[in-house]
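> Residue numbers (the working numbering), protein chains in the order written: chain A, 14 to 171; chain B, 14 to 171.
Note that CB positions come from ideal geometry on N, CA and C, so glycine has one too.
There are 2 protein chains.
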Amino acid sequence: MPTDPHREIERKFLVRRLPDALENYPHAEISQGYLALGPDGVQVRLSKNGSEHSLTYERGTGNVREEREVELTPEQFATLWPGTAGKQLTKRRYKIPLGSRVVEIDVYRGRHEGLVVAEVEFEDEQSARDFVPPDWLGEDVTGDPRYSNQLLAQGAAV
Amino acid sequence: MPTDPHREIERKFLVRRLPDALENYPHAEISQGYLALGPDGVQVRLSKNGSEHSLTYERGTGNVREEREVELTPEQFATLWPGTAGKQLTKRRYKIPLGSRVVEIDVYRGRHEGLVVAEVEFEDEQSARDFVPPDWLGEDVTGDPRYSNQLLAQGAAV
């Protein structure tokens, strides 16, 4: 278990080859929009994941970040969502089991159609360093700002 | 009625002389903390006003701003509040009736002890311009960044 439940340790990869029969894995439509993108990597993000709504505060960069998340009611979400205009993205997220871990594959839609990125979360930094990705994962782009959701939401082309 | 319920029109004043028997007017302890303070006047603010908790998104500057606010449960508030560390302020807010309007007087506490600011909200810009402040209100500091809560929360001395 992580010592601080609000710290997230993860690695991000490009995807060389999508798993076969991708639609058979659990997946959900995700909409994300940014209320704020401040200095020091501060972001306040709204997410709709299937029928679940949430607000997430994040601070920091790279593979270790402070993250605080609360569930929102659909009403709270609907009130705040228009504030994210121009800073929104949609993607379909697939969850692929890999040993004791789960690889989350994000297939972007809308103006980033064609972009595919995978993320793996770890319980500590040692595990993150030790992780050997399967051959269907490609370049490690952890911390590469071109693949950050906040830049993508603002419309940057990769 | 304002045409857009999310637009706020208000004027801010220094206070020349506090009303007599101030403690007899309705008042509440307010804590505010900023999750984000971005460019373009974007801010995401947590507030505890008496026993009520809320999250507010604001964008824009001056006397016209876009504002979206949702009530939070105490649990949602408690999860997010630590993210405002270093960007918090506390004040006591008094509500003083003035004809058909209400003057909100904020008496700051903590490191801004001694600072007092008053705000009046209006239904449209014409009313805001036409408002003649009573003689106990002082200089109009609407839009003066020195008296913005976000700067005060970051510790700026007035």
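(1) Take every Cβ of the stretch 46-64 of chain B, pair it with every Cβ of the stretch 150-158 of chain B, and state whether three or more of those distances are shorter than 8 Å.
(2) Could you give the uninterrupted runs of the alpha helix (DSSP H) lying entirely in the stretch 56-133 of chain A, keeping only those of 4 residues or more?
(3) In whole angstroms, what is the alpha-carbon distance linking Ala141 of chain B and Ala166 of chain B?
(4) Determine, using beta carbons only, whether Ala49 of chain B and Leu48 of chain A come nearer to each other than 9 Å.
(5) Any idea what DSSP makes of Gln45 of chain B, helix, strand or coil?
(6) Assuming the contact rule is C-beta atoms closer than 8 Å, Leu85 of chain B and His66 of chain B should be a hit. Round their C-beta distance to whole Å, please.
(7) Chain A partners of Thr155 of chain B, CB-CB under 7 Å?
(8) How would you write the range of the alpha helix (DSSP H) that Asp148 of chain A sits in, first residue to last?
(9) I think Ala98 of chain A touches Val116 of chain A, with their Cβ atoms under 8 Å apart; what is that distance to the nearest whole Å?
(10) Measuring alpha carbon to alpha carbon, tell me which of B:Gln45, B:Gly51 and B:Ile22 ends up nearest Asp119 of chain B.
(11) Of the residues A:Gly96, A:Glu82, A:Ser64 and A:Leu27, which one's Cα is nearest the Cα of Gly96 of chain B?
(12) If we ignore side chains and look at the alpha-carbon of each, how far apart do Arg24 of chain A and Leu128 of chain A end up?
(13) Using 9 Å as the threshold, is the C-beta distance between Val133 of chain B and Phe26 of chain B below it?
(14) Distance check for Tyr38 of chain A and Tyr107 of chain A, CA to CA, integer angstroms please.
(15) Take the Cβ of Arg30 of chain B as the centre, count every other Cβ of all protein chains shown within 10 Å, and call the residue buried at 16 or more, exposed below.
(16) Just how far apart, CA to CA, sit Ala41 of chain A and Glu126 of chain A?
(17) Tell me, please, whether the CB atom of Gly123 of chain A is closer than 9 Å to any CB atom in chain B?
(18) Output yes if chain B places a C-beta closer than 9 Å to the C-beta of Gly96 of chain A; else output no.
(19) When you compare each of A:Gly112, A:Ile109, A:Glu138 and A:Leu102 to Gly123 of chain A by their alpha carbons, which one comes out closest?
(20) Quick check: is any heavy atom of the ligand HEM less than 8 Å from the C-beta of Tyr70 of chain A?
(21) Have a look at B:Glu152, B:Arg114 and B:Tyr121 and flag the residue whose alpha-carbon is nearest the alpha-carbon of Phe135 of chain B.
(22) Applying a beta-carbon distance threshold of less than 7 Å, which residues of chain A neighbour Leu93 of chain B?
(23) With DSSP as the reference, identify every bridge partner of Leu164 of chain B, one or two as the case may be.
(24) Can you pull the chain B neighbours of Leu48 of chain A, defined as C-beta to C-beta under 8 Å?
(25) Report, in whole angstroms, the separation of the C-beta atoms of Glu138 of chain A and Ile22 of chain A, which I expect to be a contact under 8 Å.
Considering the structure as presented:
(1) Per the Cβ contact rule, the stretch 46-64 of chain B is not in contact with the stretch 150-158 of chain B (fewer than 3 Cβ pairs under 8 Å).
(2) Listed in chain order, the alpha helix (DSSP H) runs fully inside the stretch 56-133 of chain A are 87-93, counting runs of at least 4 residues.
(3) Whole-angstrom Cα-Cα distance: 26 Å.
(4) For Ala49 of chain B and Leu48 of chain A, yes; Cβs fall inside 9 Å.
(5) Gln45 of chain B carries a strand assignment under DSSP once its states are collapsed to helix, strand and coil.
(6) Yes, they are in contact, since the Cβ atoms of Leu85 of chain B and His66 of chain B sit about 4 Å apart, within 8 Å.
(7) Simply none; closest approach about 23 Å.
(8) Taken as a continuous stretch (DSSP letters only), Asp148 of chain A belongs to no alpha helix (DSSP H), as it is neither H nor E.
(9) That pair is no contact at about 32 Å.
(10) For the residues B:Gln45, B:Gly51 and B:Ile22, the minimum Cα distance to Asp119 of chain B belongs to B:Gln45.
(11) When only C-alpha atoms are compared, the closest one is A:Glu82.
(12) In a straight line, the C-alpha of Arg24 of chain A is about 17 Å away from that of Leu128 of chain A.
(13) Contact flag set, yes.
(14) The C-alpha of Tyr38 of chain A is placed about 6 Å away from the C-alpha of Tyr107 of chain A.
(15) Exposed is the call here.
(16) Approximately 16 Å, taken between the alpha carbons.
(17) Chain B, which has no Cβ nearer than 9 Å to the Cβ of Gly123 of chain A, makes this no.
(18) For Gly96 of chain A, the answer is yes, since a Cβ of chain B falls inside 9 Å of its Cβ.
(19) Nearest neighbour of Gly123 of chain A by Cα position, chosen from A:Gly112, A:Ile109, A:Glu138 and A:Leu102, turns out to be A:Leu102.
(20) With respect to small molecules bound, the structure shown includes none, and the ligand HEM cannot be examined in it.
(21) Per the Cα distances, B:Arg114.
(22) Ordered by position in chain A, the residues that pass the 7 Å Cβ test against Leu93 of chain B are Tyr70, Arg81 and Val83.
(23) Under DSSP, Leu164 of chain B takes part in no beta bridge, so it has no partner.
(24) Those are Ala49, Val55, Val57 and Tyr70, listed as they occur along chain B.
(25) Contact flag correct, Cβ pair sits at about 6 Å.
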